[in-house]
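**Q**
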Amino acid sequence: MLSRVAANLYWLSRYVERSDGILRMLKIHYASSQDSLQPFSWAPVMKIYSGLEEDLLRAIEYNSREVLLYMFSGKDNQNSIVNIITLARENARSVQDHIPKDLWQCLNEYYHLVKDQRLIHSLKRDDPTSVLDELIRQVMLYYGIAEITMVRGEGRSFMNIGKYLERSIQSADILDIKPENNQNNPDLLSGTSYLKYLLLSLGAYDLYFKTYRRGFDIENVVDLVVLNNDFPRSVLYSVNNIYRYFERLKANKNILDFKELSFIIGRLQSMIQYSTVESITQQGLHPYLAQIKKELYSIGNTLNAQYFAYS
Amino acid sequence: MNELNFLSKYLPEPSTWDEMFNSDCKIRSPYQKIINYLSSESLEELNKKEELARKLFMTQGITFTVYNSGEGIEKIFPFDIIPRIITAQDWELIEKGIKQRLKALNIFLKDIYSNMFIVKDGVIPIEMITSCPHFLREMYQVKVPHDIYVHIAGIDLIRDYDGSFYVLEDNLRTPSGVSYMLENREITKRLFPDLLPQCQVRSVTQYPEILYRNLLAISPRQISNPTIVLLSPGIYNSAYFEHTTLARLMGVELVEGRDLLVENHKVYMKTTNGRQQVDVIYRRVDDEYLDPLTFNPQSILGVAGIMSAYRKGNVAIVNAVGNGVADDKAIYTYVPQMIKYYLNEEPLLKNVPTYQLGDTEQKEYVFSNISKMVIKKTNGSGGYGMLMGHTADQKEIEDYKSEIEKDPRQYIAQPTISLSAAPCFLDSQLHPRRIDLRPFALCGPDGIEIVPGGLTRVALKEGSLIVNSSQGGGSKDTWVLAS
Numbered sequence: 001m002l003s004r005v006a007a008n009l010y011w012l013s014r015y016v017e018r019s020d021g022i023l024r025m026l027k028i029h030y031a032s033s034q035d036s037l038q039p040f041s042w043a044p045v046m047k048i049y050s051g052l053e054e055d056l057l058r059a060i061e062y063n064s065r066e067v068l069l070y071m072f073s074g075k076d077n078q079n080s081i082v083n084i085i086t087l088a089r090e091n092a093r094s095v096q097d098h099i100p101k102d103l104w105q106c107l108n109e110y111y112h113l114v115k116d117q118r119l120i121h122s123l124k125r126d127d128p129t130s131v132l133d134e135l136i137r138q139v140m141l142y143y144g145i146a147e148i149t150m151v152r153g154e155g156r157s158f159m160n161i162g163k164y165l166e167r168s169i170q171s172a173d174i175l176d177i178k179p180e181n182n183q184n185n186p187d188l189l190s191g192t193s194y195l196k197y198l199l200l201s202l203g204a205y206d207l208y209f210k211t212y213r214r215g216f217d218i219e220n221v222v223d224l225v226v227l228n229n230d231f232p233r234s235v236l237y238s239v240n241n242i243y244r245y246f247e248r249l250k251a252n253k254n255i256l257d258f259k260e261l262s263f264i265i266g267r268l269q270s271m272i273q274y275s276t277v278e279s280i281t282q283q284g285l286h287p288y289l290a291q292i293k294k295e296l297y298s299i300g301n302t303l304n305a306q307y308f309a310y311s
Numbered sequence: 001m002n003e004l005n006f007l008s009k010y011l012p013e014p015s016t017w018d019e020m021f022n023s024d025c026k027i028r029s030p031y032q033k034i035i036n037y038l039s040s041e042s043l044e045e046l047n048k049k050e051e052l053a054r055k056l057f058m059t060q061g062i063t064f065t066v067y068n069s070g071e072g073i074e075k076i077f078p079f080d081i082i083p084r085i086i087t088a089q090d091w092e093l094i095e096k097g098i099k100q101r102l103k104a105l106n107i108f109l110k111d112i113y114s115n116m117f118i119v120k121d122g123v124i125p126i127e128m129i130t131s132c133p134h135f136l137r138e139m140y141q142v143k144v145p146h147d148i149y150v151h152i153a154g155i156d157l158i159r160d161y162d163g164s165f166y167v168l169e170d171n172l173r174t175p176s177g178v179s180y181m182l183e184n185r186e187i188t189k190r191l192f193p194d195l196l197p198q199c200q201v202r203s204v205t206q207y208p209e210i211l212y213r214n215l216l217a218i219s220p221r222q223i224s225n226p227t228i229v230l231l232s233p234g235i236y237n238s239a240y241f242e243h244t245t246l247a248r249l250m251g252v253e254l255v256e257g258r259d260l261l262v263e264n265h266k267v268y269m270k271t272t273n274g275r276q277q278v279d280v281i282y283r284r285v286d287d288e289y290l291d292p293l294t295f296n297p298q299s300i301l302g303v304a305g306i307m308s309a310y311r312k313g314n315v316a317i318v319n320a321v322g323n324g325v326a327d328d329k330a331i332y333t334y335v336p337q338m339i340k341y342y343l344n345e346e347p348l349l350k351n352v353p354t355y356q357l358g359d360t361e362q363k364e365y366v367f368s369n370i371s372k373m374v375i376k377k378t379n380g381s382g383g384y385g386m387l388m389g390h391t392a393d394q395k396e397i398e399d400y401k402s403e404i405e406k407d408p409r410q411y412i413a414q415p416t417i418s419l420s421a422a423p424c425f426l427d428s429q430l431h432p433r434r435i436d437l438r439p440f441a442l443c444g445p446d447g448i449e450i451v452p453g454g455l456t457r458v459a460l461k462e463g464s465l466i467v468n469s470s471q472g473g474g475s476k477d478t479w480v481l482a483s
């Protein structure tokens, strides 16, 4: 497979996964804002996904509609849904002969959907949740089509590495949000309600209650979002999958490059596997997540240097 | 049902060959079935079909992007739902005529890049060759596989007022549009279910297989599984959709210049498993940009050193480099002589009479009859840089004349040929619009094959004679009937 094609598939997949994460998070936070008696701040969310400067961010942080518009279609927001789906489609366009026609058409439709002015209008005036749902459905369609049509070959391995790398970075990022909303809402259990929305935006709410049967507490959330082997958005699950799909790329020709990256992924995998909630608490959640992210970035950079480089 | 009001505004243009109506304003028999079909549908249905066609193009991404203030806007090439029909009899002439012409042009290229017999025998003056910017000295004495220079040709044909076919241009470099021939047919199948077999329309879907077989056959390395690639300038090229379609239909790798490298006079592509040698390159990059070491040093679309690999015979390039000398508009004038000289045959397809402005006498004649002339650049394409004498105003003509005086060899003039008209479905009515025809011919070691069909381009503006897509032209599906 051409190095450029591998890179296009990998980035295509990262962008789609990123859009999925952003959309789910926007949906849940919007719902949360409707529960809030006090002005609801979007600042923590915007800090993860946009490089907006502090004063601009402060200017709109309490205006849900403005934030939604900025996150959806902000031209200067690198991670706006419109921008990343445009990039996803450009990547897909240049590898049309390597992905099934159905998958290309689905992405192309997704692109035409996000470009539809109707959505902007609805985000301004109507129910934003319907818009977000419509977009999320398009991503689900994409994953369904990818699942049933993609050849189980090298291309899919690169796509899945991209998908799980993006997902693990997102899960780590979301868990790293520092709540700013000191909600004094007497109807909600103060201090923990942000954990509820955190779990909801990761789709982990049901599983959390089935597993722990207690109120929200940060230790259990960390256990689920970082250490759980079976939860599809946990960091460990994602890293296990990066390893799994990377293993499939093993070929005799590039055995040295392969070993180097295999080593980095394996090291990260072990580091998470041999962590416990206690050891994480002891080390501090933030430094622990920072270390995981550093390792994830280095996987991305090594892939780039050894598999995608054009020279 | 709605036949009357549907056809009521259809006014065939004077002194123009109308594809649907004969001179007595009767529908020609090949068009009868489709008109019956259309008449049995309500106008609403027809408008729906038009909308369906637009949607199909859009979702399949058969679009090109226009960049405006940093934002990309997706456009589709306009498509008219009414097919253009060619009878079996007309097709037989077209097929024979194009084969004859390509055979001669291919020999011409071989001759001009080796012995130059045609010059030595005084058929074509040497100045005509050397003054052509597409004549490449780099190609002199280069041996190309099976002596085939023109692997893919898209020869443009038009019909004059009496219905006879003329060759307007020989496109022998990187002719485009074949994906539209294929996609238009797929869409017509959806628009008019069951109508194609009823009308006995010949299939065009075999094009990619024939091309693939020809590409395999010219691989310099005689191995079981040669590597064939399609070299594209990238996603910003307006024909990018075509490149991906062809790559997908043939199952060959779609590459860009940056994916290839040359080492030791061999071409390789950069893969995730190291390098892989490339045997055949179907390139959609112009000669000029192909190799920065040999041609335009600014080019980033090509591959440094690819010409050295080509000259060594380590890689086959399709179409051959330097073909521009044969489809130059000044050389075009000599094609009938070429056919006589190389094949000792009379040309089956006529040339449009052409005046060389490099010749002072002919230039004087053209200038004094400028209102009846179309003046073109010899190496121009896409409908740019043309002067349409019958519509231009005095100032345009004066400006153009002074441009010509700078280098008359770079211009030719042709009397305005009216182009035939075919019905188009516009604003819920049928209107006549001018059309041309580009059939696609494929040359391989086993001879020349022409897929029965082609791209019919249509000038959608009323009265316009320019069919190029860059100038507001659209396209139609092209039906060649079996009987």
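Sequence lines, in order, name chains A and B. Be aware that the first sequence starts at 1, since it is given in the UniProt record's numbering, and climbs by one per residue. Be aware that the second sequence starts at 1, since it is given in the UniProt record's numbering, and climbs by one per residue. The C-beta atom is built at its ideal place from N, Cα and C for all residues, glycine as well.
1. According to DSSP, is L236/A part of a helix, a strand, or is it coil?
2. Just tell me which of F57/B, F135/B, Y332/B, Y365/B has its CA closest to the CA of L349/B.
3. What residues from the stretch 101-112 of chain A come within 7 Å of chain B, judged by C-beta to C-beta, listed N to C?
4. Quick check: the Cα distance between H390/B and Y365/B, rounded to an integer number of angstroms?
5. Just the Cα atoms here: how many angstroms apart are L189/A and L132/A?
6. Can you list the residues of chain B that Y307/A reaches, using a CB-CB cut of under 8 Å?
7. Identify each residue in the stretch 3-34 of chain A for which the Cβ-Cβ distance to at least one residue of chain B is less than 9 Å, and report them in chain order.
8. Using alpha carbons as the reference points, say which of G447/B, G474/B, W479/B lies closest to L211/B.
9. For Q429/B, name the three-state secondary structure that DSSP assigns.
10. Could you check the C-alpha separation between D18/B and Y289/B for me, to the nearest Å?
11. Report back the beta-carbon spacing between V321/B and V267/B to the nearest angstrom; my notes put them in contact at under 8 Å.
12. Who are I112/B's beta bridge partners in DSSP?
13. With 8 Å as the limit, tell me which residues of the stretch 222-252 of chain A have their beta carbon closer than that to any beta carbon of chain B; keep them in chain order.
14. Cβ of L189/A less than 8 Å from any chain B Cβ?
15. Could you please give me the residues that DSSP links to residue 346/A through a beta bridge?
16. Could you tell me the distance, in whole angstroms, from the CA atom of K329/B to the CA atom of I148/A?
17. Evaluate the contact criterion for the stretch 298-308 of chain B versus the stretch 336-355 of chain B: three or more CB pairs, one atom per stretch, below 8 Å.
18. Assuming M58/B and I76/B make a contact with CB atoms under 8 Å, what is their CB distance in whole Å?
19. Of the choices G177/B, P423/B, D359/B, whose alpha-carbon is the least far from that of V412/B?
20. Determine whether the beta carbon atoms of I417/B and V467/B lie at a separation below 8 Å.
21. Looking at the secondary structure, which residues open and close the beta strand (DSSP E) in which A153/B lies?
22. Is the CB-CB distance between K78/B and T188/B below 8 Å?
23. Under the assumption that L202/A contacts R248/A (Cβ atoms under 8 Å), give the Cβ distance between them as a whole number of angstroms.
24. How many angstroms separate the CA atom of R190/B from the CA atom of M140/A?
25. Can you list the alpha helix (DSSP H) stretches of 4 or more residues lying completely in the stretch 336-373 of chain B, in chain order?
26. Return the residue from the list S114/B, N273/B, F425/B, K363/B that minimises the CA-CA distance to A309/A.
27. Is it true that the stretch 261-268 of chain A meets the stretch 288-307 of chain A, where meeting means three or more beta-carbon pairs spaced less than 8 Å apart?
28. With a threshold of 7 Å on Cβ separation, who are the neighbours of K293/A within its own chain once the five nearest residues in sequence on each side are excluded?
29. Bridge partners for F231/A per DSSP, in chain order?
30. I'd like to know if Q277/B contacts chain A, where contact means its C-beta is closer than 8 Å to some C-beta of that chain.
31. Under the rule that 16 or more other beta-carbon atoms within 10 Å means buried, what is S29/B, buried or exposed?
32. If you drop the 5 nearest sequence neighbours on each side, which residues of the same chain put their C-beta closer than 8 Å to that of C106/A?
33. Would you say the beta carbon of G163/B comes nearer than 7 Å to a heavy atom of the ligand SAH?
34. Determine which residues of the stretch 46-60 of chain A have a Cβ less than 7 Å from any Cβ of chain B, and write them out in chain order.
35. Note down, in chain order, each residue of its chain lying with its Cβ closer than 6 Å to the Cβ of L135/A, except the 5 sequence neighbours on either side.
**A** For this structure:
1. helix
2. Y332/B
3. W104, Q105, N108, E109, H112
4. 16 Å
5. Unreliable placement is indicated for L189/A, whose pLDDT of 49 sits below 50; the coordinate value is still reported in the next sentence. Cα to Cα, L189/A sits roughly 27 Å from L132/A.
6. T272
7. S3, R4, V5, A6
8. G447/B
9. strand
10. 42 Å
11. That belief does not hold up - the Cβ atoms of V321/B and V267/B are roughly 14 Å apart, past 8 Å.
12. Answer is none; I112/B lacks a bridge partner.
13. L249, A251
14. Low per-residue confidence applies at L189/A: pLDDT is 49, beneath 50, and the placement is therefore not dependable, though the value from the model is reported in the following sentence. Answer no: the Cβ-Cβ gap between L189/A and chain B never drops below 8 Å.
15. Residue 346/A cannot be examined here, being either before or after the span of chain A that is shown, 1 to 311.
16. 52 Å
17. no
18. 6 Å
19. Inspection of the sequence shows that residue 412/B is occupied by Ile rather than by Val. Considering only alpha carbons, the answer is D359/B.
20. no
21. 152-159
22. The residue you asked about is not Lys; residue 78/B is Pro in the sequence shown. Going by C-beta atoms, P78/B is not nearer than 8 Å to T188/B.
23. The pair is not a contact, with the Cβ atoms about 27 Å apart (cut-off 8 Å).
24. 28 Å
25. 360-368
26. N273/B
27. yes
28. I169, A172
29. The partner list for F231/A (beta bridge, DSSP) is empty, contrary to what the question assumes.
30. no
31. exposed
32. Q138, L141, Y142, I145
33. Inclusion of the ligand SAH in the displayed structure is not the case, the ligand content being empty and no account of it being possible.
34. none
35. L23
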